[in-house]
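S.K.:
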Amino acid sequence: MLGFNLEGVLFLGSQLTAIGRSRHAVMPAELVKSRDRENYQAALTMARTCHAEVFALLAFNVEVAVVREKISSQRGANTAGMYRLQFWRDTLSAIYGDSVSPIPRQPVAIALCSFAPHASPSLLDSLVVARQQTMGDRPFSTIDSVTTTGALIRLEGEALVRDCAIGKPPKEFDEAADESFLPLLTMGIVLLPADLLELHSLTPDRVYKGKDPEAVTRLVRDMVQVALTHIRASNELSSSIPRVLYPSLAAPASVVENIIRNAKKVNSVLAEVQEFYFSWQNNTTIVLLKDTICNIH
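For the record, in the sequence shown the residue sitting at position 106 is 108 according to my numbering, with numbers rising by one throughout.
Shown next as structure tokens:
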């Protein structure tokens, strides 16, 4: 994408004068509050001057994340989902300058246009692409495709950096899982890496129905090892992360800690999970995040 669509923004700006900018700042926050509680609470700890942009970014993430849920009961749901996701890619092109199409008068699109003119189009686009790749309940192709650059974390971090003028956030600080599989399991959807499923002679159906728990345990052990590798790497980088960026890590930190704690409650706790938890608890950044997490819960 080439740049921000200034002409489109000026036109929308004239429309927003009549509607009221405050309303368009509130609507994304309400959407995030209703659909993404962890990130909503974390955003409240950020500087007020960042709120409009951060909530616009989080609301965009919610919109693309709930596409599957909105169309799941429709006939031809996969096609409808792809069209809906393409709508958001086209919207990004209209906002950030690649397209001559008008900017849709959709609340989240207006919020992005009004409050996030400097957000990275490529990072926003990657949030859509991540959902396109698994539409139709297609599994991740490899374990490497599960672990991606945390686009949402980086978008929030860059918003905080711009507000405080401290330079760019460390590129490595946002290494995270871009998809959460737990809500999908409640719908009978398993999006585990295809290479690990094949290695352990499993299928999504066998995992969901608990046909081979020993093989599933081995698969989980492999995935935990990958996560542990990233945790160890983050330990080495934690001291270089400016304190102003901590709130952008608060939501994923609290979610991951909850998952790890629940994993520890299982009778057959894996040694790797124990080590993962130990490394997580001793991560300098996570220790410093405790205050933030406590304040938002």
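From the three backbone atoms N, C-alpha and C, an ideal C-beta is built for every residue, glycine too.
Once DSSP output is grouped into helix, strand and coil, what is the label at Thr205?
M.R.: Note: Thr205 maps to coil in three-state DSSP.
S.K.: If you draw a straight line from the alpha carbon of Ala54 to that of Val34, how long is it in whole angstroms?
M.R.: About 12 Å.
S.K.: Using 9 Å as the threshold, is the C-beta distance between Ala161 and Val56 below it?
M.R.: Yes, these two residues count as a Cβ contact at 9 Å.
S.K.: Is the CB of Ser147 under 9 Å away from at least one CB in chain C?
M.R.: Absent from the structure: chain C. Only one protein chain is present.
S.K.: Just reading off the alpha helix (DSSP H) that Met225 is part of, what are its end residues?
M.R.: Residues Pro215 to Leu239.
S.K.: Go ahead and label Tyr85 buried or exposed: buried means 16 or more other beta carbons lie within 10 angstroms of its beta carbon, across all protein chains shown.
M.R.: Tyr85 should be labelled exposed.
S.K.: Who are the near neighbours of Ala153 in its chain, counting only those whose CB is closer than 7 Å to its CB and skipping five residues on each side?
M.R.: Excluding residues within five positions, the ones whose Cβ falls inside 7 Å are Leu125, Ser128, Leu129 and Asp180.
S.K.: Need the endpoints of the alpha helix (DSSP H) that Ile243 sits in, please.
M.R.: That residue, Ile243, is in no alpha helix (DSSP H); it is neither H nor E in DSSP.
S.K.: By the DSSP assignment, the alpha helix (DSSP H) with Val56 in it spans what residues?
M.R.: Looking at the DSSP string, the run of the alpha helix (DSSP H) that includes Val56 is Arg50 to Ala67.
S.K.: Do you know offhand how far Asp224's Cα is from Ala132's?
M.R.: About 22 Å.
S.K.: Does Val66 pass the burial test, meaning 16 or more other C-beta atoms within 10 Å, or should it be called exposed?
M.R.: Val66 is buried by the Cβ-count criterion.
S.K.: According to the Cβ coordinates, are His120 and Arg164 closer than 9 Å?
M.R.: Contact flag set, yes.
S.K.: Please work out which residues of its chain come closer than 6 Å, Cβ to Cβ, to Pro2, disregarding the five sequence neighbours upstream and downstream, and give them in chain order.
M.R.: Past the boundaries of the shown model lies residue 2; the chain is included only from 3 to 299, so the question cannot be answered.
S.K.: Between which two residues does the alpha helix (DSSP H) holding Ile112 run?
M.R.: Unbroken alpha helix (DSSP H) run through Ile112: Pro109 to Phe117.
S.K.: In whole angstroms, what separates the C-alpha of Thr205 from that of Ser116?
M.R.: About 45 Å.
S.K.: Return the first residue and the last residue of the alpha helix (DSSP H) that Val131 is part of.
M.R.: Note, Val131: alpha helix (DSSP H), Pro123 to Thr136.
S.K.: For Ser103, which residues from the same chain have a beta carbon less than 8 Å from its beta carbon, with the 5 sequence-adjacent residues on both sides left out?
M.R.: So the list reads Asp92, Ser95 and Ala96, once near-sequence residues are dropped.
S.K.: Could you check the C-alpha separation between Glu238 and Pro244 for me, to the nearest Å?
M.R.: Whole-angstrom Cα-Cα distance: 14 Å.
S.K.: Can you give me the C-alpha to C-alpha distance between Ser250 and Glu216, rounded to a whole angstrom?
M.R.: When rounded, the distance between both Cα atoms is 37 Å.
S.K.: Can you tell me which of the three DSSP states Asp100 falls into?
M.R.: Residue state, collapsed to three classes: coil.
S.K.: So is Asp38 buried or exposed if we call it buried at 16+ other beta carbons inside 10 Å?
M.R.: Answer is buried; the Cβ neighbour count reaches 16.
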